[in-house]
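Novice:
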Amino acid sequence: EAQVTQNPRYLITVTGKKLTVTCSQNMNHEYMSWYRQDPGLGLRQIYYSMNVEVTDKGDVPEGYKVSRKEKRNFPLILESPSPNQTSLYFCASSFYRASEQYFGPGTRLTVT
Amino acid sequence: SQQGEEDPQALSIQEGENATMNCSYKTSINNLQWYRQNSGRGLVHLILIRSNEREKHSGRLRVTLDTSKKSSSLLITASRAADTASYFCATDENSGNTPLVFGKGTRLSVIA
């Protein structure tokens, strides 16, 4: 089944404790991205990747890192999480930048 | 980056009625997409309309695009309780390799 998977689905952590949210797709998509969704602010892009080893900043990259060492995986790294990073995070993939996006199920992160 | 603006922000209708939501944007686009999000879940792609198309249908969905007014509408006919969700438009700006830009969404409630 074609899908985007994210792990974990729920995470509660403390300020400053490094964490990684994994994202994997099985559709051989070149384009992958990370979004955060906050009430009243809609969906905002954090980082995106057009292909392996090619990543770029989205609208809200501060406090986040990503890597794209393999085509299927695109992990999101929070080196030192802060409470303002409490949010619902989505990974998405597509064949190219502006084609149909396939979204993962989301990761609800709470930073205390 | 500019966002599409959905209107209305929230819409409540009875089952069987039609639901119309609108999206306006500011710059020239290559395509416009509509997505649905059930509460707290990943977005699901509904339909993509290219800038040279004026109308597209998919089942009970009808999308129109008016590039002269920089607006699009999504019509859901004969709505069902299962259509209750948030609906987002996403625009592919005609200005190079910018990522898709999502609006803040219309929250649709269909009352049985």
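Protein sequence lines correspond, in order, to chains A and B. If you use my numbering, the first sequence corresponds to residues 222 to 333, in order. If you use my numbering, the second sequence corresponds to residues 1424 to 1535, in order. From the three backbone atoms N, C-alpha and C, an ideal C-beta is built for every residue, glycine too.
Using DSSP with H/G/I as helix, E/B as strand and the rest coil, what is glutamate 306 of chain A?
Specialist: The sequence given here places glutamine at residue 306 of chain A; glutamate does not occur at that position. Looking at glutamine 306 of chain A - three-state DSSP - the assignment turns out to be helix.
Novice: Any C-beta of chain B sitting closer than 7 Å to the C-beta of glutamate 283 of chain A?
Specialist: It does not: the Cβ of glutamate 283 of chain A has no partner Cβ on chain B nearer than 7 Å.
Novice: Going along the stretch 1447–1477 of chain B in order, which residues come within less than 9 Å of chain A, judged by CB to CB distance?
Specialist: Result list: Asn1453, Asn1454, Gln1456, Tyr1458, Gln1460, Gly1463, Arg1464, Gly1465, Leu1466, Val1467, His1468, Leu1471.
Novice: Compare the C-alpha of serine 1509 of chain B against each of B:Asn1454, B:Asn1453, B:Val1533 and name the closest.
Specialist: The shortest C-alpha separation from serine 1509 of chain B is found at B:Val1533.
Novice: Rounded to whole angstroms, what is the Cα-Cα separation between glutamine 1437 of chain B and asparagine 1461 of chain B?
Specialist: Their backbone Cα atoms lie some 18 Å apart in a straight line.
Novice: Could you run through the stretch 311–324 of chain A and flag, in chain order, every residue whose CB is less than 9 Å away from some CB of chain B?
Specialist: Cβ contacts with chain B come from Phe311, Cys312, Ala313, Ser315, Arg318, Ala319, Ser320, Glu321, Gln322, Tyr323, Phe324.
Novice: Pick out whichever of B:Ala1433, B:Ala1535, B:Lys1527 has its Cα sitting closest to the Cα of serine 1502 of chain B.
Specialist: Of the candidates B:Ala1433, B:Ala1535, B:Lys1527, the one whose C-alpha sits nearest the C-alpha of serine 1502 of chain B is B:Ala1535.
Novice: Quick one: what's got a C-beta closer than 8 Å to serine 1518 of chain B's C-beta in the same chain, skipping five residues either side?
Specialist: So the list reads Thr1450, Ser1451, once near-sequence residues are dropped.
Novice: Can you list, in chain order, the residues of its chain with a C-beta nearer than 6 Å to that of arginine 329 of chain A? Leave out the 5 residues immediately preceding and following it.
Specialist: Only Tyr231, Leu309 meet the Cβ criterion.
Novice: Suppose you measure from the CA of cysteine 244 of chain A to the CA of asparagine 1445 of chain B; what does that come to, to the nearest Å?
Specialist: Those two C-alpha atoms are separated by around 32 Å.
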